[in-house]
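Under this note's numbering, the residue at position 31 of the sequence shown is numbered 97, and the numbers go up by one with no gaps. Below is one structure, written out as structure tokens; the observations come after it.
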Amino acid sequence: LCDERIPVGEPVMHMAAELQVTGEAQYSDDCWPAGTLVGALVASKYPHAKIVSIDPSNAIVMEGVHGFFSARDVPGSNAIGAVALDEECFATDEVTAVGQPIGILVAETEQQ
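Right, dumping it as structure tokens:
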């Protein structure tokens, strides 16, 4: 048993190293149960803007797309925050930053 040990200071290859560097490793994020839907946040393209309307009609008619949800679809409170509920899950009247979520698109695959 002592002869099989690797001396201190010698490189040791991790058991999954080859799979990881070749992209063949399976991670929990790669394993989706059948019928699982995926969501993609729809984010603001503008640093400061009023939301006049949101028209997801072109997206929701695409094959595999199950819906679009925004602030008006959130039951109860749309307020979130780690310490104080001082932010919105989805912007309602205006956005104050590029990338601020205004909704989520739900589909069968990430490509849709």
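Cβ atoms here follow ideal geometry from the backbone N, Cα and C, with glycine treated the same way.
Supposed close pair residue i, residue j - CB separation, criterion 8 Å
i, j, result
"residue 175", "residue 104", "7 Å"
"residue 91", "residue 160", "Not really, about 43 Å apart at Cβ, beyond 8 Å."
Cβ-based neighbour list, residue i, same chain, cut-off 8 Å, excluding 5 preceding and 5 following
i, result
"residue 147", "153"
"residue 81", "none"
"residue 21", "One cannot answer for residue 21 here, as it falls past the ends of the chain, which runs 67 to 178."
Sequence-distant residues of its chain with Cβ nearer than 7 Å to residue i (five each side left out)
i, result
"residue 123", "none"
Enclosing beta strand (DSSP E) for residue i [first to last residue]
i, result
"residue 136", "131-136"
"residue 165", "Where residue 165 is concerned, there is no enclosing beta strand (DSSP E), given that its DSSP letter is neither H nor E."
Nonlocal neighbours in the same chain, by C-beta distance under 6 Å from residue i, ignoring five residues either side
i, result
"residue 75", "none"
Residue i Cβ short of 8 Å to the ligand SAM heavy atom set
i, result
"residue 125", "No copy of the ligand SAM occurs in the structure displayed, which carries no ligand at all."
Inset, instruction - Examine the Cβ distances between the stretch 156-168 and the stretch 102-117 and report whether three or more of them are shorter than 8 Å. - result: yes
Legend entry - Inter-stretch contact at 8 Å, needing at least 3 Cβ pairs: the stretch 128-138 / the stretch 151-158: yes
Inset, instruction - Within the stretch 83-157, note down every full alpha helix (DSSP H) run reaching 4 residues or more, in order along the chain. - result: 83-88, 123-126
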